[in-house]
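Numbering (this note's numbering), first residue to last: 4 to 244.
Have a look at this one:
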């Protein structure tokens, strides 16, 4: 990245957050997330104009997931749904436990702008497995690109029934910035990607070639909307190129 003109400031560390998550208070820290999922799924489902399976709550989604064998619930992280259901049934958004958890998450979410301001930097660059917090709780943009692949002979590790690490699995590099600095991150990530060409060095073992059918006008409008967004994103990429 230095050869591309980047000024690297190191070492740099958050004032509070530790990348190993030891600075967070475990279940208490995650409580607000689980309670929000409990309520937000219901809110999201209420906006669906078509709901063929009559799914209105998190409990409905869980029941449908269990009943649908192709969802492979037992190996796909279903236990997290269970923890969200328990949290939502136990704590309201007015409870002290929820408020304390939310306050801690909001505090952690401010770590990114604090770090960038302290060192007068534009972005933080971290391996993906270390990057997602506190970016997610702070609402910060993140662009993830490959920076290599795990070598042959790497021990295979599984998470939620999926391969988390193993031979040929991409190793990600995240560019994290302040809110609304998306274009700046895309430019930096694109420059790195073009210089390294890691994406072209990988081998796809499974490739999706299924086209989703589009029937009604509403669905066509939605597809057109996303195509426009993709076109605008492509324009941004070309601009930075």
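Don't be surprised by glycine CBs; every beta carbon is placed ideally from N, CA and C.
Tell me where the beta strand (DSSP E) around residue i begins and ends.
i	result
residue 88	That residue, residue 88, is in no beta strand (DSSP E); its alpha helix (DSSP H) goes 81-93.
residue 162	160-162
residue 173	173-180
Under the rule that 16 or more other beta-carbon atoms within 10 Å means buried, what is residue i, buried or exposed?
i	result
residue 132	exposed
residue 146	buried
residue 111	buried
residue 197	exposed
residue 25	At residue 25 the pLDDT is 48, less than 50, meaning the model places this residue with poor confidence and gives no usable figure here.
residue 84	buried
residue 7	exposed
residue 35	buried
residue 57	exposed
residue 120	exposed
residue 191	buried
Are the C-beta atoms of residue i and some chain D residue less than 8 Å apart?
i	result
residue 115	Of the protein chains in this structure there is only one, and it is not chain D.
Smallest Cα separation from residue i: which of the options?
i	options	result
residue 37	108, 175, 66	108
residue 182	208, 139, 192, 204	139
residue 209	184, 175, 200, 171	171
residue 105	165, 122, 48, 33	33
residue 80	41, 164, 213, 193	164
residue 122	9, 15, 4, 5	15
residue 180	74, 212, 144, 192	144
How would you write the range of the alpha helix (DSSP H) that residue i sits in, first residue to last?
i	result
residue 185	185-199
Shorter than 7 Å, the distance from the beta carbon of residue i to the closest heavy atom of the ligand PLP, or not?
i	result
residue 162	No copy of the ligand PLP occurs in the structure displayed, which carries no ligand at all.
Say whether the stretch 152-166 touches the stretch 112-127, bearing in mind that this needs 3 or more beta-carbon pairs closer than 8 Å, one atom from each stretch.
In short, these stretches do not touch, since the Cβ pair count stays below three.
The stretch 35-55 contacting the stretch 147-154, beta-carbon criterion three pairs below 8 Å
no
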